[in-house]
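One structure is given here, and the rest of the page talks about it.
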Amino acid sequence: MGAIIWGTSGKHVTSAQNRTILICSGKGGVGKTTLTANLGIALAKQGARTAVLDADFGLRNLDLLLGLENRIVYTAQEVLSGSCRLEQALVKHKQEPNLSLLPAGNPRMLEWLTPDDMKKIAGLLAEQFDYVLIDCPAGIEDGFKNAAAACREAIVVTTPEVSAVRDADRVIGLLQTREIEPIQLVLNRVRPRMMANQEMLSVSDVTDILALPLLGLVLEDDQVIISTNRGEPLTLNGTRSPAGQAYTNVARRLRGEEVPLADPTKEGQGLRAKLGRLMHTKIF
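See below:
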């Protein structure tokens with residue numbers, strides 16, 4: 002275990018050595034896999050040896066978001082069965098050599114995979130990488146339990162919607178019973194105008210309900226959809242988009258940097274926002 006450092010949350014986090022982090026959500030479709038891909042690239046660009054493990058054996062989308070789907074030969078399934086070495090299954094990113102993907106195996110793995118299997122895979126990865134990010138299936142079923150067994154800390158992803166926050170709260174309760182620490186929050190698809198108009202849960206509403214330190218805010222951004230369809234995470238080619246900058250900031254905070262969080266309600270109060278409201282155009 003690495004040395005202790007302090008993040009913006011005021012809670013201690015372990016150093017960049019052997020950090021195995023669960024990225025999870027209660028509700029599906031809140032941007033968990035997108036965060037995993039972008040955070041993995043951002044950490045790698047900052048010099049950290051990073052592995053991303055797709056633990057969603059039922060759906061397996063992480064390879065698509067990273068643009069690596071055509072380079073997969075072996076998966077976590079073959080590693081566990083002894084059919085190949087870990088190095089053979091790892092897929093190194095074409096543009097960011099510090100990032101490697103361990104793809105999910107066949108959906109039938111769900112029938113026999115155990116928490117000990119996930120611990121074995123995560124342990125092998127932790128021997129070679131500074132950060133191991135595990136993209137967990139949504140919900141609280143066996144896939145979540147298996148992935149959580151392999152992790153020391155967690156990032157919970159949610160959107161400012163009542164159903165997503167309620168489901169996230171259930172996941173947090175389960176993480177706490179497993180004594181996973183720290184657990185931090187990323188609030189995704191934030192719409193400043195709706196928050197300012199009290200048409201969406203505010204940041205304080207969400208943090209008060211979930212009682213977690215806030216690791217990052219990601220604004221609603223059309224570039225996320227475009228980059229996902231292209232298999233090119235926003236953090237790969239700079240941080241010109243709001244979401245790309247937010248993902249990069251999450252990585253910096255995770256590494257212990259003091260990066261201030263913006264107030265999203267102020268995003269909708271400038272001249273551009275006023276013109277946007279007059280013209281009924283989208284401004285974020």
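Last residue of the sequence shown: 285 in my numbering, with the numbers rising by one and none dropped.
Glycine included, each C-beta is placed from N, C-alpha and C at the ideal position.
Which first and last residues belong to the beta strand (DSSP E) in which residue i is found?
| i | result |
| --- | --- |
| Leu65 | Segment 63-66 is the alpha helix (DSSP H) holding Leu65; no beta strand (DSSP E) there. |
| Leu100 | 100-103 |
| Leu23 | 20-25 |
What does a CB cutoff of less than 6 Å around residue i pick up in its chain, not counting 5 residues either side in sequence?
| i | result |
| --- | --- |
| Arg278 | Legend: pLDDT at Arg278 = 43, less than 50; position of this residue unreliable, no value from coordinates given. |
| Leu114 | Asn147 |
| Ser242 | Asp222, Gln224, Leu235 |
| Leu54 | Leu103, Ile135 |
| Val80 | Leu87, Ala90 |
| Gly245 | Leu235, Thr236 |
| Gly144 | Pro138 |
| Thr160 | Val31, Asn189, Arg190 |
| Ile122 | Ala77 |
Can you tell me whether DSSP reads residue i as helix, strand or coil?
| i | result |
| --- | --- |
| Leu272 | Low confidence applies here, because Leu272 scores a pLDDT of 38, under 50, leaving its location unreliable and the question unanswered by this model. |
| Val31 | coil |
| Ala155 | strand |
| Ile73 | coil |
| Lys95 | coil |
| Ala52 | strand |
| Ser82 | helix |
| Pro261 | coil |
| Leu36 | helix |
| Leu60 | coil |
| Gly106 | coil |
On the criterion of 16 or more Cβ atoms from any shown chain inside 10 Å, does residue i qualify as buried, or is it exposed?
| i | result |
| --- | --- |
| Lys93 | exposed |
| Thr178 | exposed |
| Asn99 | buried |
| Gly30 | exposed |
| Lys95 | exposed |
| Ser26 | buried |
| Gly106 | buried |
| Pro265 | buried |
What residues in its chain sit with their C-beta under 7 Å from that of residue i, if we drop five residues either side in the sequence?
| i | result |
| --- | --- |
| Glu70 | Asp64 |
| Leu40 | Leu134, Tyr248, Val251, Ala252 |
| Gln185 | Ser10, Ile156, Leu213, Pro214, Leu216 |
| Ile42 | Glu97, Leu100, Pro234, Thr236, Leu237 |
| Thr229 | Thr35, Leu66 |
| Cys85 | Tyr75, Glu79 |
Taking the alpha helix (DSSP H) that residue i falls in, what are its first and last residues?
| i | result |
| --- | --- |
| Leu255 | 243-255 |
| Leu87 | 87-90 |
Could you give the uninterrupted runs of the alpha helix (DSSP H) lying entirely in the stretch 159-240, keeping only those of 4 residues or more? 163-178, 193-197, 204-211, 223-231
Fully enclosed by the stretch 110-151, which alpha helix (DSSP H) runs are 4 residues long or longer? 110-113, 116-127, 143-150
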